[in-house]
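A short write-up of the structure that comes next.
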Amino acid sequence: MADAVKWERFERSAPEWFANARFGIFIHWGAYSVPAWGEPVGELGTLDAKDWFPHNPYAEWYFNTIRIEGSPAQKHHQQVHGGAPYDDFLDQWKAEKFDPKAWAELFAYAGAQYVIPTTKHHDGIALWQAPGTGTRNTVNRGPKRDLIADISSAVRAAGLRFGVYYSGGLDWSITDLPPHSAEYELERPSDAAYSMYCYEHVVDLIDKYKPEVIFNDINWPDFSKREGEYSLPALFDYYYEKVPTGLVNDRWGVPHSDYKTSEYKMNLHVEDGGVWENNRGVGYSFGYNQVETAEHYLDISKLLHHLLDIVSRGGNLLLNVGPTASGEIPELQQKVLRQLGDWMKVNSRAIYGTHPAEGFAPSESPWVRWTAVDGEVFAHIESAGATKFAVPAKLVKDASAKYLNGESVDLKRDGDSITIDIKPQVGPVAVISFQLN
Ligand code: GLC
Numbered sequence: 001m002a003d004a005v006k007w008e009r010f011e012r013s014a015p016e017w018f019a020n021a022r023f024g025i026f027i028h029w030g031a032y033s034v035p036a037w038g039e040p041v042g043e044l045g046t047l048d049a050k051d052w053f054p055h056n057p058y059a060e061w062y063f064n065t066i067r068i069e070g071s072p073a074q075k076h077h078q079q080v081h082g083g084a085p086y087d088d089f090l091d092q093w094k095a096e097k098f099d100p101k102a103w104a105e106l107f108a109y110a111g112a113q114y115v116i117p118t119t120k121h122h123d124g125i126a127l128w129q130a131p132g133t134g135t136r137n138t139v140n141r142g143p144k145r146d147l148i149a150d151i152s153s154a155v156r157a158a159g160l161r162f163g164v165y166y167s168g169g170l171d172w173s174i175t176d177l178p179p180h181s182a183e184y185e186l187e188r189p190s191d192a193a194y195s196m197y198c199y200e201h202v203v204d205l206i207d208k209y210k211p212e213v214i215f216n217d218i219n220w221p222d223f224s225k226r227e228g229e230y231s232l233p234a235l236f237d238y239y240y241e242k243v244p245t246g247l248v249n250d251r252w253g254v255p256h257s258d259y260k261t262s263e264y265k266m267n268l269h270v271e272d273g274g275v276w277e278n279n280r281g282v283g284y285s286f287g288y289n290q291v292e293t294a295e296h297y298l299d300i301s302k303l304l305h306h307l308l309d310i311v312s313r314g315g316n317l318l319l320n321v322g323p324t325a326s327g328e329i330p331e332l333q334q335k336v337l338r339q340l341g342d343w344m345k346v347n348s349r350a351i352y353g354t355h356p357a358e359g360f361a362p363s364e365s366p367w368v369r370w371t372a373v374d375g376e377v378f379a380h381i382e383s384a385g386a387t388k389f390a391v392p393a394k395l396v397k398d399a400s401a402k403y404l405n406g407e408s409v410d411l412k413r414d415g416d417s418i419t420i421d422i423k424p425q426v427g428p429v430a431v432i433s434f435q436l437n
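Those letters in the sequence shown? Residues 1 to 437, per full-length UniProt numbering, in order.
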């Protein structure tokens, strides 16, 4: 390969706003939101590739799944859509109820600090007028809008930061590769022309929207992993110069990243230190899947478990919403976000800017997680009534214990454990703060 790249030159400490944010919203919206169909078979990381791909629960993978011979998605596509070409969905995607301001207000209410929509997913359809896409984008077809402009302005007007998802690894519109069907290792385009195409896309996203995160997906075309024009190093240089507060994730297939990502139960090994983010949908899909019901979705208790477990270990949660083709966020997804917002209104002090609490052990029964800021620790407890858990006597001032709504806490100490009568009205997970000794 030409000029070996010294990736160490990109080493920097990641801009602090990201790890302090702890909670962001991911948005998967595309032509796949029209058929909105996948089999809700389970979470990524819990199935073999052979079972995953033909039954893919990710509705945004529809264009791939319907090409797998004999798959239930292929049958569904034949029966319901008469086997129509995938691109028909782009024209059927009208986004007629899209209200970016209402979306942004919901995300802000939920307590999110940043928002990352898909700008081009694996189907290759751009949600802005991307160079070289001709009319195969949402400005010329379907919604007839620059959705990235709409989302970025609304999100920023609501006081949140804005980032972009871009699929550099896969683009099913520019290759004739067979569908991915049995391996998590994915065959992908890597030639010079595709490299330049992706380069120009991301430069255009940077110029137009100044994203503070670039969440690339799968990998980056190999041709660009060299020094010189249109290279990935040139892209990183350009990005950091234009957006000094920006971060890139770890899915470029090169040693450099500002933070690591895990997805549902995949790549959990990255969650052991440094800056990291877990992402998942409210259900088993990122794109809206009309097959899913409440049983597949996180309810507020499960969502808080997931968020607090992540934050207590020093990570971020990027929680995905999958809007319908008309532009509505499905009611069950909205509901859990509003419930999270109700909880955050009282307790977000125990989330933002916190770090893991050293010396305080999590427990499963009762369910307890810990976070900390300077001089203060927070116990997150899911329980009602008399609850006993470990709080090392040496570390805290018992008399300082308080719910975050300001109510005082009566506690009984017994060695290194305390018992608290948790009031049910403090919400699905009670948070109690203690001053450190
Ligand atoms: C994956 C999937 C994709 C989803 C993404 C989110 O790589 O292919 O559908 O966009 O991860 O993390």
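Cβ atoms here follow ideal geometry from the backbone N, Cα and C, with glycine treated the same way. Note that this is a predicted model, so its numbers are computed, not measured.
Between the stretch 411–425 and the stretch 334–354, do three or more beta carbon pairs fall short of 8 Å?
no
*asked:* Given a cut-off of 8 Å on the beta-carbon distance, is the pair Ile116 and Tyr165 in contact?
replied: yes
- Item | Near the ligand ZN: Tyr58 beta-carbon under 7 Å from a heavy atom | As far as ligands go, the structure on display features the ligand GLC and does not contain the ligand ZN.
Problem - Range covered by the beta strand (DSSP E) that runs through Asn20 - result: No beta strand (DSSP E) contains Asn20, which is instead part of the alpha helix (DSSP H) from Glu16 to Ala21.
Ends of the beta strand (DSSP E) at Ser400?
Val396 to Tyr403
- Item | Which of helix, strand or coil DSSP assigns to Trp276 | strand
I want to check one thing, is the minimum distance from the CB of Phe286 to the heavy atoms of the ligand GLC below 7 Å? yes
For this session: Taking only heavy atoms of the ligand GLC into account, decide whether any of them is closer than 7 Å to the Cβ of Asp171.
Result: Result no, Cβ not under 7 Å from the ligand GLC.
So, is Arg251 buried or exposed, given that buried needs 16 or more other C-beta atoms within 10 angstroms? buried
- Which of helix, strand or coil does DSSP assign to Ile65? Note on residue identity: the sequence assigns Thr, not Ile, to residue 65. Of the three classes helix, strand and coil, the one that applies to Thr65 here is helix, per DSSP.
Closest residue to Met266 among Tyr58, Phe236, Asn278 and Gly124 (Cα-Cα distance): Asn278
(Q) For a test of the three-state rule: what should DSSP assign to Ile310, helix, strand or coil? (A) In this structure, Ile310 counts as helix in the three-state DSSP scheme.
### Message
Going by DSSP in three states, Tyr239 sits in which element: helix, strand or coil?
### Response
If DSSP states are grouped into helix, strand and coil, Tyr239 belongs with the helices.
Checklist line | DSSP three-state assignment for His121, whether helix, strand or coil | finding: coil
Query - Leu436, DSSP secondary structure in three states - result: strand
Do you know how far the Cα of Asn20 is from the Cα of Asp171? 33 Å
Check your understanding: CB-CB under 8 Å to Arg156, same chain, minus the five flanking residues each way: which ones, in chain order?
Key -> Phe162
Q) Where Ile174 and Pro35 are concerned, what is the direct C-alpha to C-alpha distance, given to the nearest angstrom? A) 22 Å
Review point. So Val336 packs on Asp374, CB below 8 Å; how close in whole Å?
Key: Going by Cβ atoms, the distance from Val336 to Asp374 rounds to 32 Å, so no, they are not a contact pair.
_3-residue-minimum beta strand (DSSP E) runs that sit fully inside the stretch 81–153, ordered along the chain_ = 114–120
Close Cβ partners of Ala361 (< 7 Å) along its chain, the five nearest in sequence each way excluded: Ala390
Those residues which DSSP pairs with His355 across a bridge: In the DSSP output, where bridge partners are listed per residue, His355 has Ala372.
Of the residues Gln435, Ala193 and Gly274, the one placed nearest Tyr403, counting alpha carbons only
Gln435
- Query: Among Gly38, Asn56 and Trp37, which has the Cα closest to the Cα of Thr46?
  - Reply: Here the closest residue by C-alpha is Asn56.
Within this structure, are the beta carbons of Val291 and Gly246 separated by less than 8 Å? no
Problem - Neighbour-count burial assignment, Glu69, 16 or more Cβ in a 10 Å radius - result: exposed
Quiz item: Who are Lys335's beta bridge partners in DSSP?
Solution: DSSP, once it has assigned bridges, lists no residue as partnering Lys335.
Which two residues bound the contiguous alpha helix (DSSP H) that contains Lys412?
From DSSP, Lys412 is part of no alpha helix (DSSP H) but of the beta strand (DSSP E) over Leu411 to Asp414.
Original post:
To the nearest angstrom, how far is it from the Cα of residue 439 to the Cα of Arg9?
Top reply: Residue 439 falls outside the range modelled here, since the chain spans only 1 to 437, and no answer is possible.
Q) Which residue spans inside the stretch 207–269 form an unbroken alpha helix (DSSP H) run of at least 4? A) 232–242
- Query: Between which two residues does the alpha helix (DSSP H) containing Asp421 stretch?
  - Reply: Careful: Asp421 lies outside any alpha helix (DSSP H), inside the beta strand (DSSP E) at Ser417 to Ile422.
query = What is the C-beta distance between His305 and Leu317, in whole angstroms, given that I count them as a contact (C-beta under 8 Å)?
reply = No, His305 and Leu317 are not in contact; Cβ-Cβ is about 11 Å, not under 8 Å.
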